[in-house]
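Colleague:
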DNA sequence: AGCCCATGTCCTAAAATCCCCACATCGCCC
DNA sequence: GGGCGATGTGGGGATTTTAGGACATGGGCT
């Protein structure tokens, strides 16, 4: 009876602004949402989302990624799939 | 021959600015670093790190977490332990 | 070709963030 | 008690980021 749902999709490892953007885009399209729809649902501007998915290289993101790198910590994103 | 290092420390699930801060603090102290040391290594201000670890509730973090929540994606931090 | 729809990109004002100072607190050790 | 190292916290100003509009591009469809 398959204890684990076993959806078997591998997590996204986040180590650059770009990889973060790609992950977001992946999950958004997989959810069948447009940038407009997602932006409205979370109260953001669409152009912001576009830039984020394109891997906008902000200093904020760089800062936290630098911290994680220095500490030897890896960040991953994956489907919560309850 | 122990294929996997099997260090078996459970990952941190990140769902609030606070949980993010706690994770950072955990890994920093585990690495035996002071805020000063870490801040200098990554070229940041110490007070910034302090506030980050205290779970500073920034809009930026909120935005990202809102996106992930809406997409049903979970973010985790764990030791890279190569 | 023409029409949508989704997305990328440029711009500017407005808003949020971060650096950098100062000072307070808390343990711990002498 | 006094000193010291580590951290919390406040404020101000400079820097960075975001919102929001406008416009271009590109694909798919008729």
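Chains as they are written, first to last, in the numbering used here: chain A, 1 to 82; chain B, 101 to 182.
For each residue, glycine too, the CB sits at the ideal point set by N, CA and C.
1. Would you say residue 35 of chain A faces chain B, with C-beta separation under 9 Å as the test?
2. Does DSSP put residue 71 of chain A in a helix, in a strand, or in coil?
3. By how many angstroms is the C-alpha of residue 143 of chain B removed from the C-alpha of residue 42 of chain A?
4. With a threshold of 8 Å, establish whether the CB of residue 24 of chain A neighbours any heavy atom of the ligand FAD.
5. Assign residue 121 of chain B to buried or exposed, taking buried as 16 or more other Cβ atoms, counted over all protein chains shown, within 10 Å of its Cβ.
6. Can you grab the Cα-Cα spacing for the pair residue 174 of chain B / residue 38 of chain A, in whole Å?
7. Any C-beta of chain A sitting closer than 9 Å to the C-beta of residue 155 of chain B?
8. Below 8 Å on the Cβ atoms is my contact criterion, and I expect residue 111 of chain B with residue 153 of chain B to pass it. Report the Cβ-Cβ distance as a whole number of Å.
9. Pick helix, strand or coil for residue 178 of chain B, following the three-state DSSP scheme.
10. At a Cβ cut of 9 Å, what residues of the stretch 168-180 of chain B count as close to chain A, listed as they run along the chain?
11. In chain A, which residues lie with their C-beta within 7 Å of the C-beta of residue 125 of chain B?
12. Straight-line CA distance for residue 104 of chain B to residue 181 of chain B?
Modeller: Reading off the structure:
1. Not closer than 9 Å to any Cβ of chain B, the Cβ of residue 35 of chain A fails to qualify, so no.
2. The three-state reading of DSSP puts residue 71 of chain A in helix, counting H, G and I together.
3. Distance between the alpha carbons of residue 42 of chain A and residue 143 of chain B: 32 Å.
4. Among the ligands in the structure shown, none appear at all, so the ligand FAD cannot be discussed.
5. Residue 121 of chain B should be labelled buried.
6. So the two alpha carbons sit approximately 17 Å from each other.
7. For residue 155 of chain B, the answer is no, since every Cβ of chain A falls outside 9 Å of its Cβ.
8. That pair is no contact at about 18 Å.
9. Three-state result, residue 178 of chain B: strand.
10. Residues 168, 169, 170, 171, 172, 173, 174, 175, 176, 177, 178, 179 and 180.
11. Ordered by position in chain A, no residue passes the 7 Å Cβ test against residue 125 of chain B, which lies about 10 Å from the chain.
12. At residue 104 of chain B the pLDDT is 48, less than 50, meaning the model places this residue with poor confidence; the figure from the coordinates comes in the next sentence. Roughly 10 Å separates the two Cα atoms.
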